[in-house]
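First up is the structure itself, then whatever we jot down about it.
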Amino acid sequence: MGFTSRGFRGQHFGRPGADEAERVPPGQHLARGFPVLTAGVTQRIDTERWSFEIRGGSREPSWTWDELRALPAEDIVVDIHCVTHWTKLDTAWTGVSLDVLLAEAGEIPEHALAVSYGGYATNLPVAEITGGKAWLVYAYDGEPLTAEHGGPVRMLVPGHYLWKSAKWIHGLWLSDADRPGFWEQSGYHNFGDPWKEERYSGQ
């Protein structure tokens, strides 16, 4: 899988103000723009063929685009942190809480692997994507989420580095055993807490 990036220029970054500094984790710089960082080719998924499914619970529900959009939506304003040392404050998204979706899966095990169109995957404990900690989002700043930023739908897990917020999300595979994803198998930290600078394995 290749590695592509766009938008890493000096004008994208700045120093946080006094009221912003405490919101920027150690080792991070404040992004004024929205850099694009992608593992592999940008996926372009038509909403007519997009779907999301949960496997591994006592039930295995799935949703089409229209079915996802019919669920109760939330407007979410959060800070996001990329492992490549940038933080963007007050990002505004619209989407559906994973609590709503996982409630349809019945009894579920402890570990989750988020699987994307294009083959990307990333892992987290189920405890880190429930309790109001994660969403499937389809709009950013009031506009449909672009393919470059993971549209039509991406996962959003703001408590972790952004690689855990899988772009072009297609499914959530649940299991009793932890299964590392793409970056975790390539040496990134298994958990990825920005405030602990958990960037790489062994940190």
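For the sequence shown, UniProt numbering begins at 1 and goes up steadily by one. Glycine is no exception: its CB is placed at the ideal position from the N, C-alpha and C atoms.
Classification of residue i by the beta-carbon crowding that lies within 10 angstroms, buried from 16 upward
i	result
W63	buried
P194	buried
G7	Residue placement at G7 cannot be trusted, given a pLDDT of 43 that sits under 50; what the coordinates show is reported in the next sentence. Label assigned to G7: exposed.
Cβ neighbours of residue i in the same chain (closer than 7 Å, five flanking residues each side left out)
i	result
P180	N123, N190
I169	F52, A114, S116, L136, V153, R154, M155
G202	none
P26	E197
I129	L98, A112, V157
Short CB-CB distance (under 8 Å) between residue i and chain C
i	result
A166	The structure shown contains no chain C; it holds only a single protein chain.
Chain-order list of residues whose beta-carbon lies under 8 Å from that of residue i (same chain, five-residue window excluded)
i	result
P109	G56, G57, V126, L174, S175, D176
G171	F52, E53, I54, R55, A114, V115
E20	L30, L89
G142	A92, T94
E104	I54, R59, P61
P144	Y138, G151, P152
Residue i to residue j span [Cα, whole Å]
i	j	result
W93	Q185	29 Å
Y200	S165	17 Å
residue 205	P158	Shown here, the chain extends from 1 to 203; a query on residue 205 therefore has no answer.
L71	E198	34 Å
V78	K133	11 Å
R9	T84	Legend: pLDDT at R9 = 43, less than 50; position of this residue unreliable, value from coordinates given subsequently. Taking the straight line joining both Cα atoms gives about 13 Å.
A73	G33	26 Å
F67	W50	One point to set straight first is that residue 67 is Glu, not Phe, in the sequence displayed. When rounded, the distance between both Cα atoms is 11 Å.
I76	G187	31 Å
Y161	Q28	11 Å
G118	G150	11 Å
W65	L101	13 Å
G131	D46	30 Å
R69	E48	12 Å
Y140	R23	21 Å
Sheet register partners of residue i (DSSP bridge)
i	result
Y138	Per DSSP, none; premise fails for Y138.
H81	T87
P152	According to DSSP, P152 bridges with nothing at all.
F52	W63
H29	W86
Sequence-distant residues of the same chain with beta carbon closer than 6 Å to residue i, five excluded per side
i	result
A147	T42, R44
G2	A caution first: G2 carries a pLDDT of 43, below 50, which makes its placement in the model unreliable, though a value can still be read off. The answer, listed in chain order, is G40.
W183	W163
E107	S58
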